[in-house]
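In what follows, a single structure is set out as structure tokens and then discussed.
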Amino acid sequence: MPFLQPESSGRPGKAPGSVDYRFARRQLLFRYRAGELSRSDVCDAHSELMRIALHCSQRSTVSCPVCDESTLRVVKFVFGPRLPAGGRVVKTRAELKKLASERANRRCYSVEVCTSCRWNHLLEVSPIS
Ligand SMILES: [Zn+2]
């Protein structure tokens, strides 16, 4: 299977320049299930990320891959020019569109979080514009 070249437009259906972290997620979960990593190694969401997940996130339809007790939340942070160093949390699609229209070279980081066991993983980084 050929690998995508860095200058390629990425997988079909994805925005050019997007980076998908699902393979890294699968690898991490494989290592956890094989006993290489403990639950505290993989369920380590910082308290601020937990707070954001509880109050400023979108509900996913996917169950937590670690505890299977709740559905995951997706938190979106936008980083780029004229935004705080820690990024700006985006709750709605309208907010995302507004940030995209204000300035170029901004990127959206999507992180899944389980509010039951503190599992968290970066899903995707994509340009917004
Ligand atoms: Zn969980």
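Numbering-wise, our numbering comes out as the position in the sequence shown, counting from 1, plus 636.
For every residue, glycine included, the Cβ atom is placed at its ideal position computed from N, Cα and C.
**Asked** Along the chain, where does the beta strand (DSSP E) that runs through Y745 open and close?
**Response** Counted from its first residue, the sequence shown places residue 745 at position 109. Under the DSSP assignment, Y745 falls in the beta strand (DSSP E) whose first and last residues are R742 to V749.
**Item:** Nearest-angstrom Cβ-Cβ length linking K712 and L732, presumed shorter than 8 Å
**Value:** As a position in the sequence shown, residue 712 is number 76, starting the count at 1. As a position in the sequence shown, residue 732 is number 96, starting the count at 1. A Cβ-Cβ separation of about 7 Å places K712 in contact with L732 under the 8 Å criterion.
**Message:** Suppose you measure from the CA of P638 to the CA of F659; what does that come to, to the nearest Å?
**Reply:** Position 2 of the sequence shown, counted from the first residue, corresponds to residue 638. Position 23 of the sequence shown, counted from the first residue, corresponds to residue 659. Because the pLDDT of P638 is 47, which lies under 50, any placement of that residue in the model is unreliable, and the number read from its coordinates should be weighed accordingly. CA-CA distance, P638 to F659, rounds to 16 Å.
**Request:** Check S765 in the structure and name its three-state DSSP category.
**Result:** Locating residue 765 in the sequence shown gives position 129, counting from the first residue. S765: coil per DSSP, three-state reduction.
**Contact set for E748: own chain, Cβ-Cβ below 6 Å, skip 5 residues either direction** = The residue labelled residue 748 in the question sits at position 112 within the sequence shown. Hits under 6 Å: L708, V710, H757 and L759.
**Item:** 3-residue-minimum beta strand (DSSP E) runs that sit fully inside the segment 700-730, ordered along the chain
**Value:** Unbroken beta strand (DSSP E) runs of no fewer than 3 residues, entirely contained in the segment 700-730, are found at 707-715 and 724-726, following chain order.
**Asked** What is the C-beta distance between C692 and C753, in whole angstroms, given that I count them as a contact (C-beta under 8 Å)?
**Response** Within the sequence shown, the letter at position 56 stands for residue 692. Within the sequence shown, the letter at position 117 stands for residue 753. Contact flag wrong, Cβ pair sits at about 20 Å.
**Message:** Can you tell me whether V726 is buried or exposed? The criterion is at least 16 other CB atoms within 10 Å of its CB, across all chains shown.
**Reply:** As a position in the sequence shown, residue 726 is number 90, starting the count at 1. Label assigned to V726: buried.
**Message:** Can you determine whether any heavy atom of ligand 1 sits closer than 7 Å to the C-beta of V698, and answer yes or no?
**Reply:** Sequence index remark: in the sequence shown, residue 698 carries index 62 (1-based). The answer is no for V698.
**Asked** So is A670 buried or exposed if we call it buried at 16+ other beta carbons inside 10 Å?
**Response** Here residue 670 refers to the residue found at position 34 when the sequence shown is read from its first residue. That one is exposed.
**Asked** Per DSSP, which one or two residues make a beta bridge with D656?
**Response** Numbered from its first residue, the sequence shown carries residue 656 at position 20. Note: D656 sits in a beta bridge opposite E760.
**Prompt:** Does the separation of the CB atoms of L735 and V714 fall below 8 Å?
**Reply:** Looking up residue 735 in the sequence shown gives position 99. Looking up residue 714 in the sequence shown gives position 78. Cβ atoms of L735 and V714: closer than 8 Å.
**Request:** Determine which residues share a DSSP beta bridge with R779 and list them.
**Result:** With the chain covering only 637 through 765, there is no way to say anything about residue 779.
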